[in-house]
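Quick notes on the structure that follows.
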Amino acid sequence: MKYHALFLTIVSVAAQQPRQSQTNVYTYDANGSRVLAGQQVTGGGRSEQRVQNLNGRSSALEQVEEKVLREDSTGRVVEKIVRPFDANGVPQPPQKIRITETNQGAGVKSIETQVFHGNINGGYALSERRQALERTSDGRVTVETQVARPTLNGGLDTVEKLSKTIITAGDKTNEDTLTYRRDSNGSFYTAAREVKESDKKDGRTVESTATYISGERRQLELAGQTVAETVKRPDGSETTQVNVFGTAAPGRPASGQAVLREQQIIEKNKTAGGVVETFSVRRPAVDNPNALGPAQKVSEKVCSGPCQ
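Right under this line is the structure:
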């Protein structure tokens, strides 16, 4: 009976332990050999990233702890502690992020994000505050955000504003984000814009993203565009092809017009133990800028456990 009770206790404790996922990231050298470049372990509100240093040893890059401090009908409060490390694995001052979501009713929610940087004395100092107001109504979501950072006099001053609109109609989604920044005279100007369009149909998703930045005359100019097509199969595998357009291809002068810079191919396949994801790239040929060269495998992620 004692052994039976002990066995039940061990099983009960094991069942309560949070499951962890482990992702190994591999890159490929000049000879095409696969080399372990990094590793991430996630589970139980914690995650750790590790990389291979120049000596071929694994060293910590970043540790993240996340916990929910409060969650009820009025909202939730989440706190993250980020602990970075330098290239030699020596701990650096941590960072604390506190996210407070408050439900105000009638489809309105406020989100405040406070970012604190640690110092050598073990304390924290506020380095950024984001205040967002989100309104949802009839398939339309608007988010107005203000970003404030410390000034020389010790206070906080708004340095950036963001205005986002998301419209969903059936399987189509349009997202438009405008970014305003303060100039040297204290006035806000339109610094950037990002427009996303997504359409889902018959297991196929097409996403288009266009980015614009302020030019010399502070007029928005097209900086780049991506068109991604994802095909999901019944067995759970999927392929994503991303065409990346820019004003110039790598190693070539800017033409002022959007040209195809590269094509990214992402393959995800489910295995008995998790998920394998490969990342390959095709770039314009040197002798023929209008034609893409063969696909070159850049990296591979092998995830085991409860992978997303």
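So for the sequence shown, the numbering used here puts the first residue at 703; every next one is plus one.
By construction, the Cβ of each residue, glycine as well, lies at the ideal position given by its N, Cα and C atoms.
Closest by C-alpha distance to residue i, when choosing among the options
{"i": "D1069", "options": "G856, N757, P1008 and T802", "result": "Examination of residue 1069 is not possible in this model, given that the chain is present from 703 through 1010 alone."}
{"i": "N757", "options": "L858, T744, E767 and A739", "result": "A739"}
{"i": "K903", "options": "L924, S886 and T932", "result": "T932"}
{"i": "K898", "options": "K782, L962, A993 and T911", "result": "T911"}
{"i": "T980", "options": "S900, A993 and K999", "result": "K999"}
{"i": "T860", "options": "T847, I868 and G872", "result": "T847"}
{"i": "I822", "options": "Q794, S916 and V780", "result": "Q794"}
{"i": "N755", "options": "R772, G746 and D788", "result": "D788"}
{"i": "N805", "options": "R837, N887 and A894", "result": "R837"}
{"i": "G807", "options": "T776, L858 and R832", "result": "T776"}
Separation of residue j from residue i, as counted between CA atoms
{"i": "Q927", "j": "E877", "result": "14 Å"}
{"i": "K972", "j": "G938", "result": "6 Å"}
{"i": "T942", "j": "S1001", "result": "15 Å"}
{"i": "S982", "j": "R920", "result": "36 Å"}
{"i": "E814", "j": "Y914", "result": "27 Å"}
{"i": "E940", "j": "T875", "result": "21 Å"}
{"i": "V784", "j": "E767", "result": "7 Å"}
{"i": "G734", "j": "Q965", "result": "20 Å"}
{"i": "G948", "j": "R759", "result": "38 Å"}
{"i": "T725", "j": "P786", "result": "19 Å"}
{"i": "L771", "j": "K782", "result": "10 Å"}
{"i": "R778", "j": "S839", "result": "21 Å"}
{"i": "Q765", "j": "V780", "result": "16 Å"}
{"i": "A993", "j": "D901", "result": "28 Å"}
{"i": "E750", "j": "G841", "result": "37 Å"}
{"i": "V929", "j": "T907", "result": "10 Å"}
{"i": "R883", "j": "A827", "result": "23 Å"}
{"i": "G888", "j": "R832", "result": "19 Å"}
{"i": "S886", "j": "G856", "result": "19 Å"}
{"i": "T892", "j": "E918", "result": "12 Å"}
{"i": "G683", "j": "D873", "result": "The question about residue 683 has no answer here: the residues shown for the chain are numbered 703 through 1010."}
{"i": "I868", "j": "E909", "result": "14 Å"}
{"i": "V817", "j": "D989", "result": "49 Å"}
Whole-number beta carbon distance between residue j and residue i, since they are thought to touch under 8 Å
{"i": "R752", "j": "L763", "result": "6 Å"}
{"i": "S761", "j": "G791", "result": "4 Å"}
{"i": "G975", "j": "R984", "result": "With a Cβ gap of about 30 Å, G975 and R984 do not count as contacting."}
{"i": "T881", "j": "A894", "result": "4 Å"}
{"i": "V743", "j": "K1003", "result": "The Cβ separation is near 13 Å, so there is no contact."}
{"i": "V946", "j": "R963", "result": "5 Å"}
CB of residue i within 8 Å of CB of residue j, strictly
{"i": "P1008", "j": "R721", "result": "yes"}
{"i": "A987", "j": "I967", "result": "no"}
{"i": "S829", "j": "P796", "result": "no"}
{"i": "K866", "j": "T879", "result": "yes"}
{"i": "V845", "j": "A834", "result": "yes"}
{"i": "V961", "j": "C1005", "result": "no"}
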